[in-house]
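Asker: Numbering (the numbering used here), first residue to last: 179 to 456.
I have a structure I would like to understand better, so I am pasting it below and will then ask my questions one at a time.
Take a look at the structure:
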């Protein structure tokens, strides 16, 4: 379902609207969801690691409920959950930078209940996503699901998929996303979507910055100015950036060269990073 009603405040929520609630409101209201058509007990399914969008489901729906019919029909489309479903030359992916937060970036402290029901209706979430794609050929996506897709589906960052990023422009995935070990001279001074693993976090008092150290001696590290690092603590809802050690990351940043000839990635916007715990 794209919408569900909360009996606690008698409001009807869209899936994206519900996902953006504060943690306190999310926790209290998710236990009071019902199908807006038949009143059957509903649950909320968060975005999955393979990029399926958030949605609602209900079990059971009342006999004759239109939502029950849609849920049953969606089970025939499970194959759309394959990695190839992400690569669609007729669809643009617009990166949503407005809701980057710890709970949406992989550090999600909200427990997931109704696990069996969530798995059962995973095809329904994909069904809703494909319906939206057909409607406007523009898919809004946060950085977290993009990172998970880059990790799990190597074909994605080599594809012709069009990506739109506010303030940066429009790119093909194969031109914009680059794994850290693949950064080389032809990338100098370009702004890219680089992804890899954080192996250590260090603070530099001299340069008033934080370094996210990455795997491999020659791989570029991530330079974060001190003021941006402070913003990240709030956005990621963590007590210190050392918590990121071992995580996968996706950073939208410029490739620069230090005075000693080492390449690094400059992060100048706290919204331009997503992390995924290992």
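Where is the CB? At the ideal position from N, CA and C, for every residue including glycine.
From a predicted model like this one, the values you see are computed outputs, not experimental measurements.
#1: Can you tell me where the beta strand (DSSP E) holding residue 220 begins and where it ends?
#2: Would you call the region 183 to 190 and the region 201 to 216 touching, i.e. three or more CB-CB distances under 8 Å?
#3: Assign residue 460 to one of three DSSP states: helix, strand, or coil.
#4: Which partner residues does residue 342 have in the DSSP bridge list?
#5: From the DSSP output, read off the bridge partner residues of residue 189.
#6: Which one of 403, 374, 232 and 399 has the shortest CA to CA distance from residue 452?
#7: For residue 397, write down the residues that DSSP places opposite it in a beta bridge.
#8: DSSP beta-bridge partners for residue 403?
#9: Rounded to the nearest angstrom, what separates residue 482 and residue 179 at their Cα positions?
#10: Between residue 235 and residue 339, what straight-line distance do the alpha-carbon atoms span, to the nearest angstrom?
#11: Tell me whether the beta-carbon of residue 368 lies closer than 9 Å to the beta-carbon of residue 427.
Answerer: So, to answer that:
#1: 220 to 223
#2: Three or more pairs of CB atoms, one per stretch, sit closer than 8 Å, so the region 183 to 190 contacts the region 201 to 216.
#3: Since the first and last residues shown for the chain are 179 and 456, residue 460 lies out of range.
#4: 272 and 348
#5: For residue 189, which the question treats as bridged, DSSP gives the partners 184.
#6: 374
#7: Note: residue 397 sits in no beta bridge, so no partner.
#8: 387
#9: Coverage of the chain is limited to positions 179 through 456, which leaves residue 482 absent and any answer about it impossible.
#10: Their backbone Cα atoms lie some 30 Å apart in a straight line.
#11: no
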